[in-house]
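Presented below is the structure to which this report refers.
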Amino acid sequence: MIELEDVSYGYGGGTLLTDISLKLAPGSFHFLTGPSGAGKTTLLKLCYGELIATKGRVSLFEHDARNMTRDDVALVRRRVGVVHQDCQFLDHLSVAENLALPLTVAGRSTDPQELRELMKWVGLEAQAGAHPPELSGGERQRAALARAVIVSPDVILADEPTGNVDWEMSLRLLTLLVELNRMGKTVMIATHDMHLIRSAKSQVQARVLRISDHRLQLAGADL
Amino acid sequence: MNPIVAKILHFIAGDDQADRVVPPTGFTARLTVFAAASMAFLTVFAMALSLATGRLADRWGDELAQSSTIRISAPEGQMDAQMLAVMEVLVTTPGVKDARPLSDEEQHALLEPWFGPDLPLDTLPIPRLIEVIEEGDGYDAAGLRARLAGEAPGAVLDDHTRWREPLVHAAGRLRSLGFVAILLIAAITGVMITLAASAALSANAQVIRVLRLVGAQDAYIARAFVRRYTLRALIGAAVGTVLGMIAIAFLPTADVAGGFLTGLGFQGWHWLWPLIIPPLAALVAFAATRNAALSTLKERS
Ligand SMILES: Nc1ncnc2c1ncn2[C@@H]1O[C@H](COP(=O)(O)OP(=O)(O)OP(=O)(O)O)[C@@H](O)[C@H]1O
Ligand SMILES: [Mg+2]
């Protein structure tokens with residue numbers, strides 16, 4: 006689905022990532038770790054067409070990312086649900102409308118029943134009518150997760166989805182992502198949180214990738 | 003239904019949810035409506051000016067084309083001979099379509115307002131008049147005068163309507179200026195709406211970013227802006243046009259002044275002309291906003 010071959014990337018001529026090769030097979034579950042500033046977010050952005058590799062080949066659903074127009078990238082976004090590190094919403098719309106936004110922009114209507122269920126699933130049913138600025142950090146992250154999955158994407162890329170929440174909520178979000186993976190979705194989570202990775206290992210067959218020294222390494226055994 | 007009409011209706015009806023993705027802007031929205039209304043108001047006047055000067059030019063032009071006269075004053079015995087000579091000259095003058103001596107009755111009718119009905123025309127040494135009808139670009143007045151001086155010394159060419167010729171030119175020019183004014187107003191409207199839409203796009207950079215993140219394509223994002231500005235221009239222009247037409251309708255009529263200044267209003271079916279202003283304004287706004295939106299979206303890729 007998403008495939009990187011010998012990909013390099015650097016902001017403004019520098020080198021951040023070199024010779025990264027990665028293949029997200031359908032139904033797989035990946036963790037992406039590495040020190041802050043290592044390039045986790047950057048790597049995820051390469052995976053959903055936000056950034057274009059300076060070297061190497063990124064293919065998104067069998068299309069070369071270099072040749073994609075903005076509209077093609079928009080279509081990719083409907084197949085890849087992204088939970089951003091800085092969850093951005095439209096502050097003038099209610100939480101419910103924000104969650105439905107990916108459907109709205111795709112010209113699809115929202116089934117209110119399904120939307121309610123989704124909000125219940127992430128524990129936000131009480132906040133449906135609230136506006137995003139009124140949400141706590143953890144609520145924002147759950148809302149972002151719900152928004153990422155509403156179009157029923159094939160791939161879910163989550164950037165620090167548990168960055169702002171307590172341990173209990175982290176586990177709950179993790180469980181949500183594992184559930185999605187069981188439903189057949191491909192999942193990749195960028196996180197610092199080793200505890201989270203460890204507790205995931207008991208629930209799902211996950212591969213752990215680590216970015217260190219600009220390169221991507223498989224770091225399964227030491228956990 | 004015609005697919006284009008269906009498309010336009012769908013565009014106007016819009017999609018509530020899609021409209022809401024861009025936050026509402028109260029103040030600038032009202033400014034756009036106001037500006038569109040003012041421009042439409044001005045356009046109504048430019049249009050009225052254009053049409054009125056057009057009418058004026060046509061009418062004066064017609065009168066010019068019609069006629070001039072030759073007046074013959076000669077002693078009693080020479081009158082008929084000079085008349086014949088003048089007619090002879092006129093027949094061979096290029097640009098003269100027809101020439102006709104006025105009958106006694108016609109001359110009588112001309113003089114009656116001044117001298118009353120009982121004028122003994124046949125006993126008075128009244129000059130005879132010949133009406134000259136021109137064709138094409140008319141005749142060469144100087145050349146005709148020279149020939150008349152030779153053939154019939156008592157004949158005087160009076161091309162009294164000629165003095166209006168520069169006025170007809172001026173009226174024609176004024177009509178073109180009216181058109182230019184309308185074009186300029188349309189251009190200014192386009193520029194103004196481009197600026198307003200660009201400002202709105204910049205102010206909503208964050209909104210656009212989020213829309214992109216959730217998979218909105220350029221056309222979708224652009225449409226949210228384009229629809230707003232098109233509707234604002236349409237509504238504003240409709241209001242401005244109606245006000246402009248009311249103002250024109252209450253203009254004092256100038257026709258009583260002998261038709262020299264034809265009324266600076268609309269006449270007859272010309273009243274339909276201003277009705278094209280609102281759709282045109284909407285079209286200008288549509289093109290301007292779409293252009294601004296798509297190029298802004300391209301820049302920020
Ligand atoms: N738009 C940008 N322009 C220039 N440099 C950037 C940009 N975005 C990120 N960087 C730099 O690239 C490096 C990697 O950033 P990135 O966000 O990918 O790190 P990360 O691994 O996600 O870090 P964290 O764990 O803190 O989220 C950082 O040094 C950052 O300063
Ligand atoms: Mg990051």
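Residue numbers (our numbering), protein chains in the order written: chain W, 6 to 228; chain D, 3 to 303. Note that beta-carbon positions come from the ideal geometry of N, C-alpha and C, so glycine has one too. None of the values given here were measured: they were computed from a predicted structure.
Beta-carbon of residue i versus every beta-carbon of chain W: anything under 8 Å?
i       : result
A259(D) : The predicted position of A259(D) is uncertain, since its pLDDT is 48 and thus under 50; a value taken from the coordinates is nonetheless stated next. So no, A259(D) is outside the interface.
So residue i and residue j are supposed to be a Cβ contact under 8 Å. How far apart are they, rounded?
i       : j       : result
V35(D)  : R230(D) : In fact, because the Cβ distance is near 11 Å, the residues do not count as touching under 8 Å.
L92(D)  : A101(D) : 4 Å
I194(W) : L182(W) : 6 Å
L22(W)  : T47(W)  : 6 Å
S99(W)  : G61(W)  : The pair is not a contact, with the Cβ atoms about 42 Å apart (cut-off 8 Å).
H136(W) : P25(D)  : That pair is no contact at about 11 Å.
A163(W) : L150(W) : 7 Å
R212(W) : H35(W)  : 5 Å
L95(W)  : L106(W) : 7 Å
I226(D) : V23(D)  : Looking at the sequence itself, residue 226(D) is Ala, so the reference to Ile does not match. The Cβ separation is near 6 Å, so the contact holds.
M49(D)  : P276(D) : 6 Å
L51(D)  : G180(D) : 5 Å
A79(W)  : R214(D) : 7 Å
A295(D) : V228(D) : 6 Å
Taking 8 Å as the CB-CB limit, is residue i close to chain D?
i       : result
R177(W) : no
V88(W)  : no
D159(W) : no
L98(W)  : yes
R147(W) : no
R187(W) : no
A135(W) : no
R82(W)  : yes
H79(W)  : One point to set straight first is that residue 79(W) is Ala, not His, in the sequence displayed. True, the Cβ-Cβ gap to chain D drops below 8 Å.
Could you spell out the range, first to last residue, of the beta strand (DSSP E) harbouring residue i?
i       : result
M193(W) : 191-195
R102(D) : 98-103
D164(W) : 160-164
G238(D) : Note, G238(D): premise wrong, no beta strand (DSSP E); alpha helix (DSSP H) at 220-251.
D24(W)  : 22-29
S13(W)  : 7-14
Q222(W) : 220-223
V213(W) : 212-217
List the residues of chain D whose Cβ lies closer than 9 Å to the Cβ of residue i, in chain order.
i       : result
Q93(W)  : Q208, R211, V212, L215
A70(W)  : What A70(W) touches in chain D: nothing, since even the nearest Cβ is about 13 Å away.
A101(W) : Neighbours of A101(W) on chain D: none; closest Cβ ~12 Å, over 9 Å.
Quick one: list the residues of chain W neighbouring residue i, beta-carbon separation under 7 Å, in chain order.
i       : result
D220(D) : R75, D76
Please list the partners that residue i has in chain W, where partner means a Cβ-to-Cβ separation under 9 Å.
i       : result
R234(D) : Ordered by position in chain W, no residue passes the 9 Å Cβ test against R234(D), which lies about 19 Å from the chain.
Which residue marks the beginning of the alpha helix (DSSP H) containing residue i, and which one marks its end?
i       : result
T38(W)  : Counting along the chain, T38(W) falls outside any alpha helix (DSSP H), though it belongs to the beta strand (DSSP E) covering 34-38.
A290(D) : 279-301
E67(W)  : Counting along the chain, E67(W) falls outside any alpha helix (DSSP H), and DSSP gives it neither H nor E.
S175(W) : 172-187
V78(W)  : 75-82
Q208(D) : 207-215
S204(W) : 199-206
T46(W)  : 45-52
Using the beta-carbon of each residue, which ones in chain W are nearer than 8 Å to residue i?
i      : result
V23(D) : L95, L98, L106, T109, V110
Starting from the beta carbon of residue i, find every residue of chain D whose beta carbon is closer than 8 Å, and list them in chain order.
i       : result
A58(W)  : None at all; the shortest Cβ gap to chain D is about 16 Å.
R152(W) : V216
How would you list, in chain order, the residues of chain D whose beta-carbon sits under 7 Å from the beta-carbon of residue i?
i       : result
A205(W) : Here the premise fails: no neighbours, minimum Cβ distance about 26 Å.
Any heavy atom of ligand 4 within a distance shorter than 7 Å of the CB on residue i?
i      : result
T46(W) : Among the ligands in the structure shown, ligand 4 does not appear; only ligand 1 and ligand 2 can be found there.
What ranges does the alpha helix (DSSP H) occupy inside the region 45-89 of chain D, keeping only unbroken runs of at least 4 residues that lie completely in it? Whole alpha helix (DSSP H) segments, 4+ residues: zero.
Legend entry - beta strand (DSSP E) segments (min. 3 residues) lying fully within the region 85-143 of chain W: If only uninterrupted beta strand (DSSP E) runs of at least 3 residues are considered, those enclosed by the region 85-143 of chain W are 85-88.
field: 4 or more residues per run - each alpha helix (DSSP H) lying fully within the region 138-203 of chain D
entry: For the region 138-203 of chain D, the full-length alpha helix (DSSP H) segments reaching 4 residues or more read 143-153 along the chain.
request  = Return the chain-ordered ranges of every alpha helix (DSSP H) run that is complete within the region 101-134 of chain D and spans a minimum of 4 residues.
outcome  = Secondary structure within the region 101-134 of chain D: the alpha helix (DSSP H) runs of 4 or more consecutive residues, fully enclosed, are 106-117 (chain order).
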